[in-house]
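>
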Amino acid sequence: MPTILAETKTYFPHFKIGGAVEDLGGEALDRLFLAYPQTKTYFPHIDLHPGSAQIKAHGKKVAAALVEACNHIDDIAGALSKLSDLHAQKLRVDPVNFKLLGHCFLVVVAAHHPSLLTPEVHASLDKFLCAVGNVLTAKYR
């Protein structure tokens, strides 16, 4: 994983989407729930209609976790340890859902920022999202 993260550090300074990352998180969740309806089972307590305030609020949490991981790229596991515990031990989220959400996030970024998503940045962001997913599923074992 160190090579992946070193590559990610090379491209992330050029990949700034600012405050919009919060909106992208909500839109990625909308896309996740529409494309993979089975993922809705973990959210029976919120309004799952596209663009709902609750999806946007959870999207902000997703975005905050990604920003936290990016800010601690050398220690993603440490930065997301509590979140990993929550998803593995309490929520028991199916690990494949992290991969699906990562893919949806990439699609949303590509739709909104096509000029930023060069092939190198795309590959780097994909590897970063995979690394985050791996950290979040590591405590399932």
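With the first letter of the sequence shown counted as 1, position 29 gets the number 231 in our numbering; the numbers rise by one all the way through. A virtual CB, placed ideally from N, CA and C, is assigned to each residue, including glycine.
Whole angstroms is fine: what's the gap from PRO239's alpha carbon to PHE300's?
As a first step, residue 239 is located in the sequence shown; it is residue number 37 there, counting from the start. As a first step, residue 300 is located in the sequence shown; it is residue number 98 there, counting from the start. Distance between the alpha carbons of PRO239 and PHE300 is about 14 angstroms.
> ALA196: which of ASP276, GLN256, LEU282 sits nearest, CA to CA?
Missing from the structure shown is residue 196; the chain here goes from 203 to 343 and no further.
> Should the stretch 246-255 be called in touch with the stretch 326-335, which here means at least 3 C-beta pairs below 8 angstroms?
Taking 8 angstroms as the limit for Cβ pairs, the verdict is that the stretch 326-335 does not touch the stretch 246-255.
> Taking only three categories from DSSP, how would you classify SER254?
Counting from one through the sequence shown, the residue named residue 254 turns up at place 52. Looking at SER254 - three-state DSSP - the assignment turns out to be coil, as it is neither helix nor strand.
> For the stretch 315-324 against the stretch 287-301, are there 3 or more C-beta pairs whose distance is under 8 angstroms?
No, they do not touch.
> SER286 CB to nearest chain D CB: under 8 angstroms?
Among the protein chains of the structure shown there is no chain D, as only one such chain exists.
> Rounded to whole angstroms, what's the CA-CA distance from LEU319 to SER286? Just pull it up for me.
As a first step, residue 319 is located in the sequence shown; it is residue number 117 there, counting from the start. As a first step, residue 286 is located in the sequence shown; it is residue number 84 there, counting from the start. Roughly 28 angstroms between the two C-alpha positions.
> Would you report the Cα separation of GLU270 and ALA279, rounded to the nearest angstrom?
Stepping through the sequence shown from its first residue, residue 270 is reached at position 68. Stepping through the sequence shown from its first residue, residue 279 is reached at position 77. Using only the alpha carbons, I get a separation of about 11 angstroms.
> Given LEU302, which residues of its chain have a CB within under 7 angstroms of its CB, disregarding the five upstream and five downstream residues?
Along the sequence shown, read from residue 1 onward, the residue named residue 302 stands at position 100. Here the set comprises LEU234, TYR238, THR241.
> Can you find the residues in the same chain that come closer than 6 angstroms, C-beta to C-beta, to GLY261, ignoring five residues on each side of it along the sequence?
Here residue 261 corresponds to residue number 59 of the sequence shown, with the count starting at 1. Answer for GLY261: GLY227, GLY228, LEU231, listed in chain order.
> When burial is assigned at 16 or more other CB atoms within 10 Å of the CB, is ALA313 buried or exposed?
What you label residue 313 is simply residue 111 of the sequence shown in a count that begins at 1. The residue is exposed, with fewer than 16 neighbouring Cβ atoms inside 10 Å.
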